[in-house]
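Enquirer: Numbering-wise, my numbering puts 112 at position 73 of the sequence shown, and it's gapless, one number per residue.
Glycine included, C-beta positions come from ideal geometry on N, C-alpha and C.
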Amino acid sequence: MMRKVWLLCALVLILLSACTTDKPEPQTTIQASETQTTPYEATMTEPTMGTPLYPTPRSYAFYLQESRKLIDDADPDNPHYSLSGDSSDYAWGTSYVMTALYTAYRVTKDADYLDMYATVCHNLLSTLADNDGDGYLGWGTGEYSGGSYDEFAVHTGFVAKGLADFVLLVQSDPAIANRAAPEGTLGELAGKVRHAVDAHLIPAFERDFSKAFGIYMNRPGSGNYSGATGEYSLPHNQYLAMSTALYTMALVSPEKANFYTARADTQTSVFKGWIRHKDDGFINWNYDNSFHKGDHDHVIAEDFSHAMMDYQAAIEAYHRGNVFSWEEISLFADNLTNNMFNGDYDNVKISYAVSGGRYADYSGEPYLYNILLSPFGEAVWPVCEAGWGGRTTDAAYLLAWHPDAPAPESFSLTAPANGADTVNPRQAVFMWMPSKNAADYTLEISKTADFAQLVVERPYIAAVGAFVDILEPHTKYFWRVQARNAAGETVTSDVLSFTTGEKDAFEPKILTFSYKAGDLALTEGQTMRVYLHRTLMAEVPLTAGEDWQEFSLDLTEAIGYSNTAGIKISLYKPGADAEESVLYIDDVALSGSIEPAVDFSAEVGYIWGAPIWYARRSQSRIEDGDLLLRTPSQDEVKIFKQYISREVKANESFFDIGFSFSK
């Protein structure tokens, strides 16, 4: 039995996140804050008021020519083209090249890009080594740990993403599998690449996954976080880098697809939970956050160069069809163009920190993965194009969403094959060949051939594959894909059909606990909310009384293949200030082979092993073996708000308690 928990006027935290530093380039440190309250001493550009007309862009032909430099001006012996064996080179050079080659090939279908991509992948495999003796091949660097070899999740994640994209290209177009590649064919190389990621690059970091916090952590004893040797949480961009690779690997490794998507969904959900919605309508988040009482206190504002990595993971989650919606991704685009952008198309700069605002330090540039936000905000591409600084990799992204791109050309669907009759309804993978000139795609699935009612409609997929896990068993479906250029011209594939097979049966996972409201008067309309990985699953009205009540919620489908479940129970008081309301929770359990990873003990204000954080270590106490959280002062609530990402408004109460369950 779990011990009784008192939730006073209350908010309960579950998966939280923090950090390890590994930055692509030196940046000025900005302390975490909701907004910058004073102007910087450095030269500042005032944002231009109003909405300027978009300037005339450079031509499509110009960016087509610039993209060719990925081939014509490339030196495969350059360390950034994957021969150095140094993971820092690979993350902050090679991975950008791979994403650009992937984009350039799928947009132009110029086989020269594909051949160069194959060379890069081959070189990467040739430099794999088990330098740290952990039994897994990988790459590392001494760049961030005083010359001592170390392996970083962020480095491996970004490179693994580029490798996975290569495999996806080859699998999506069987006609290219026999094309020559270094030491064999593209198909053979893709097989080797897939094995390296499946068997080495991802498993090497699985030991660092925290079931309590839902992210990859800093490896104890490594030099990752400023030489620290404790178990610290990673910065958001570092564990999210692994998520970007996991999402794509789910498309090309069907036997591991459900595990990969479950792991990636959990991590991106954690990140999503840290995003703050400000009163001005914009969003804000930090570079890192503290997850537990013994975690690092190195919490700083997210900067523009790492924010683009966060965007990329969120976009991949959207492609996968979970965690982030189109509307939620569009908030990143809106923040970039209307809060971070200085408004000057003749001298484009964006704020260093994502908090932006009037007194921002406009020292950043909207390069690389910022451009991937183009489908989610009208002004993104004009801002990024006007601010283009000559990066060849960026030219490929700008080419993809150029408004003057030619019409997309016809293309074919690859998988599932027409008439397939054993498609797994929980892990259906859809692939199609690239459509020349297409920026992105819309996947449509229906139970009827006329597509009158869509089961799946997923637009703006900037890839040649998608994962779907919401289909019904033993059901016939029809599917098609629409290719689109940035001007809105489209071409639609032929319609194929398939039938699903048996649906994997999950062991029931039923959340149960007892609860009662305290003796103190409750605010009218007060409710108890229950979350799974920060997603609201149930809301129950509360009334004061002495009797315990039983709560039960079936989370079987929601947890799915995941081997972790972060549960948050919240006392929710819309429109109310903090008061002495009390909610009692007891006997929390989750059935189905998932055991609680926490108990109520350990240090005051913290449940060891569980994702609970209370007002930045404010006062609390243990009484009769129970954890008692008192109502914080208004000043504490104000401080606490800086470390919590919720959809709540400023005048709602702030106490929850979190439970982590794991197999």
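(1) In the DSSP assignment, the beta strand (DSSP E) including P580 goes from what residue to what residue?
(2) If you draw a straight line from the C-alpha of H358 to the C-alpha of V236, how long is it?
(3) So what's V193 in DSSP terms, helix, strand or just coil?
(4) Any idea which residues DSSP pairs Q588 with across the strands?
(5) List in chain order: all unbroken alpha helix (DSSP H) runs of 4+ residues lying wholly within the segment 497-571.
(6) Buried or exposed for N323, please, with buried defined as at least 16 other CB atoms from any protein chain shown within 10 angstroms of its CB.
(7) Given this structure, state the Cα-to-Cα distance separating D342 from I598, to the nearest angstrom.
(8) Considering only their Cβ atoms, is the gap separating D400 from S413 smaller than 9 Å?
(9) Can you find the residues in the same chain that come closer than 6 Å, C-beta to C-beta, to G181, ignoring five residues on each side of it along the sequence?
(10) Give a yes or no on whether the C-beta atoms belonging to F490 and R519 are separated by under 9 Å.
(11) Check I410 in the structure and name its three-state DSSP category.
(12) Does the structure place the segment 301-309 close enough to the segment 374-389 that three or more beta carbon pairs sit under 8 Å?
(13) At a threshold of 8 Å, does N162 count as lining the ligand NAP (C-beta to nearest heavy atom)?
(14) Would you report the Cα separation of W313 and N325, rounded to the nearest angstrom?
(15) Can you check whether the CB of L207 is closer than 9 Å to the CB of A502?
(16) Express the C-alpha separation of D112 and L370 in angstroms, rounding to a whole number.
(17) Taking the beta carbon of F197 as the centre, do at least 16 other beta carbons fall within 10 Å, making it buried, or is it exposed?
(18) Under three-state DSSP, which class holds W131?
(19) Contact defined as beta carbons within less than 8 Å: I believe R465 pairs with D543. What is the distance between those atoms, to the nearest angstrom?
(20) Which residues in the same chain have their Cβ closer than 6 Å to the Cβ of A459, if we skip the five residues on either side of it in sequence?
(21) With burial defined as no fewer than 16 other Cβ atoms inside 10 Å of the residue's Cβ, what is the status of E483: buried or exposed?
(22) When burial is assigned at 16 or more other CB atoms within 10 Å of the CB, is D443 buried or exposed?
(23) On a Cα-Cα basis, can you pick out the residue from N361, S184, R568 and W440 that is closest to P580?
(24) If S126 and H194 are in contact, beta carbons under 8 Å, what's the gap, nearest whole angstrom?
(25) Compute the Euclidean distance between the alpha carbons of T529 and K475, then round it to the nearest angstrom.
(26) Taking the beta carbon of E541 as the centre, do at least 16 other beta carbons fall within 10 Å, making it buried, or is it exposed?
(27) Name the DSSP bridge partner or partners of M472?
(28) Would you kindly check if the distance between the Cβ of W427 and the Cβ of R97 is under 9 Å?
(29) If the criterion is Cβ atoms closer than 9 Å, does the pair G360 and R145 meet it?
(30) Can you check which of these residues, E511, Y436, D433 and T431, is closest to T461 by C-alpha distance?
Expert: By the coordinates alone:
(1) T574 to P580
(2) 21 Å
(3) helix
(4) Y554
(5) none
(6) buried
(7) 33 Å
(8) no
(9) S187 and Y188
(10) yes
(11) helix
(12) no
(13) Here there are no bound small molecules, and the ligand NAP is not part of this structure.
(14) 8 Å
(15) yes
(16) 37 Å
(17) buried
(18) helix
(19) 5 Å
(20) F537
(21) buried
(22) exposed
(23) R568
(24) 4 Å
(25) 11 Å
(26) exposed
(27) DSSP output for M472 lists no bridge partner at all.
(28) yes
(29) no
(30) E511
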